[in-house]
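J.:
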Amino acid sequence: MVFSSRVFAVVFVAALGLGATACGSAAPPMATHVDAERVARRWPGTTLADLNRGRRLYRSRCSSCHLPVHPKRIKPTDWPGHVSEMSIRAHLNHDEKRLVVRYLITMSSATHANNKSASAKP
Ligand code: HEC
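Under the working numbering, the first residue of the sequence shown is numbered 66, with each subsequent residue one higher.
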């Protein structure tokens, strides 16, 4: 049924949005074109699709033991060390690790929108 699945999709997306604002650590933020511009300055050739591949890996591989830590909770310069340490546990290969690190560093250094709750934390 097309109608009910569309309703479901809308409710689902709304629930995700609420989750992201209510609890910054549950769902890692989506990368936007603003993030893509920033990552391309730092690592030329890296795209928005790469960032969101990193996000998907981060969500799927880094949240089996604990909730994914919000990117802003850790300083950009500290992320590579955490990911190196955790990538053994998460069984990330070299390319996957690189995508996750680029996503986390980029989102950690974001200054725009949706991260008010995260920056209020200690
Ligand atoms: C097999 C379980 C497991 C997986 C998978 C895992 N972690 Fe962890 N993580 C832990 C445990 C246990 C701790 C706390 C103790 C420690 O640091 O060893 C932790 C702590 C952390 C911390 C420190 C949190 C803080 O507030 O200081 C970060 C950051 C982190 N993990 C990131 C990641 C990332 C990124 C990944 C994916 C690459 C990942 N974790 C995958 C078990 C896991």
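Note that the Cβ used here is the ideal one computed from N, Cα and C, for glycine as well.
Do Ala96 and the ligand HEC come close, with the Cβ less than 7 Å from some heavy atom?
T.: no
J.: For the segment 118 to 138 and the segment 169 to 176, state whether three or more C-beta atom pairs, one from each stretch, are separated by less than 8 Å.
T.: yes
J.: Please report how far the alpha carbon of Thr122 lies from the alpha carbon of His98, in whole angstroms.
T.: Checking the sequence shown, residue 122 turns out to be Leu, not Thr. Approximately 19 Å between the Cα atoms of the pair.
J.: Using a Cβ-based criterion (distance less than 7 Å to any ligand heavy atom), does Ser174 qualify as near the ligand HEC?
T.: no
J.: Using only alpha-carbon positions, find the residue among Thr111, Ala114, Pro109, His156 that is nearest to Ser129.
T.: His156
J.: Say yes only if the C-beta of Ser125 is nearer than 7 Å to one or more non-hydrogen atoms of the ligand HEC, and no if none qualify.
T.: no
J.: If I follow the unbroken alpha helix (DSSP H) through Trp144, where does it start and stop?
T.: Run containing Trp144: 144 to 155, per the alpha helix (DSSP H) assignment.
J.: Kindly indicate which residue of Val148, Arg120, Ala101, Lys162 has the alpha-carbon position closest to the one of Ala92.
T.: Arg120
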